[in-house]
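Heads up, the thing below is written out as structure tokens.
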DNA sequence: TCCTTAATGATAACAATTATCAATAATATT
DNA sequence: AATATTATTGATAATTGTTATCATTAAGGA
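Residue numbers (my numbering), protein chains in the order written: chain A, 1 to 128; chain B, 1001 to 1128.
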């Protein structure tokens, strides 16, 4: 007996999967508790970490000092706005050039690529 | 009178500039105190944040939950090893393809690009 | 040299995360 | 189906990284 499928883990994954806002643990907690108020926040911390290890959930690197999570593990990059602090998904930016360069110049085995663009978003640019 | 040049700020920047290990605040603290043991850690936190705002120091995004700092603000990417957790600088990876795609597809103003490769380094690959 | 106040150092406060532990419940064994 | 085993849970304490507070110090203009 190694790992068990618990109701809580299922709810946590389902909830994150339905969200597209890259929530922090506490934001995810709130959403999970809307479905089942008995779920403890330590359980959310534990299961999200497990899901990251299992590769089912992705930890999004941001510059606000708090971890954000994304149930979409397909390769895509993020943009964070300095003004409104929103996180955007960009699915149309290809990272193959980077991967190619890595293979050409280095012996490192790359397993994941984290990319974050920082700047001013479309909307905030206009309201200046 | 707006900002003042303090001895502490100078020591902190000099010290970080001499280090090439992308230290955390506490690691930087240690190095600073080796030169002047009277410097408080709150002062290191405050000055490093100021230096980041001034664009003289760069906050390196990593996946270990702690901020790391780099006095080299020229555009370059980082690689973190999952085994030994070391951070490497890669100066030969060009990000111009990404910048070009961003300009072509989006209206966002990109001011900074954070890139972190995650995987297994040269050295750790061999010792398996 | 004096004066103003930005910056410091020490420490308290805060926030995010992890560890502890008795109780619960998933699943292997009977 | 009943039982035993133990991974997981929920509550909470502990820890860690960072920020706020405040009396004191010192940078730099008058």
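From the three backbone atoms N, C-alpha and C, an ideal C-beta is built for every residue, glycine too.
Check	Outcome
How far does the beta strand (DSSP E) with residue 120(A) in it reach, from first residue to last?	109 to 120
Here's the rule: buried if 16 or more other CB atoms are within 10 angstroms of the residue's CB, otherwise exposed. What is residue 1026(B)?	exposed
At which residue ranges does the stretch 14 to 56 of chain A contain complete alpha helix (DSSP H) runs of 4 or more residues, listed in the order of the chain?	25 to 35, 41 to 53
Run through chain A and tell me which residues come within less than 9 Å of residue 1125(B), C-beta to C-beta.	107, 108, 109
Could you spell out where the beta strand (DSSP E) holding residue 1206(B) opens and where it closes?	Outside the displayed range of chain B (1001 to 1128) lies residue 1206(B), so it cannot be described from this structure.
Hey, would you say residue 1097(B) sits closer than 8 Å to residue 97(A), going by beta carbons?	yes
Residues in its own chain within less than 7 Å of residue 22(A) by CB, not counting five upstream and five downstream?	60, 68, 69, 70, 87
Report the rounded CA-to-CA distance for residue 1079(B) versus residue 66(A), giving the unit in angstroms.	21 Å
Taking CB distances under 8 Å as the criterion, tell me whether residue 1028(B) reaches chain A.	no
With distances taken Cα to Cα, identify the nearest neighbour of residue 1055(B) among 1117(B), 1112(B), 1122(B).	1112(B)
Using a Cβ-Cβ cutoff of less than 8 Å, which residues in the same chain neighbour residue 84(A) once the five nearest sequence positions on both sides are dropped?	121, 123, 124
Compute the beta-carbon to beta-carbon distance between residue 1012(B) and residue 1048(B), rounded to the nearest angstrom, for a pair I have assumed lies under 8 Å.	7 Å
Here's a check: name, in chain order, each residue in its chain whose Cβ is nearer than 7 Å to the Cβ of residue 1118(B), leaving out the five neighbours to either side.	1063, 1080, 1082
From residue 31(A) to residue 45(A), what distance separates their C-alpha atoms?	14 Å
Taking the beta carbon of residue 1004(B) as the centre, do at least 16 other beta carbons fall within 10 Å, making it buried, or is it exposed?	exposed
Between which two residues does the beta strand (DSSP E) holding residue 1061(B) run?	Premise fails: residue 1061(B) is in no beta strand (DSSP E) and is neither H nor E.
Considering only C-alpha positions, which residue in the set 116(A), 37(A), 6(A) is nearest to residue 1102(B)?	116(A)
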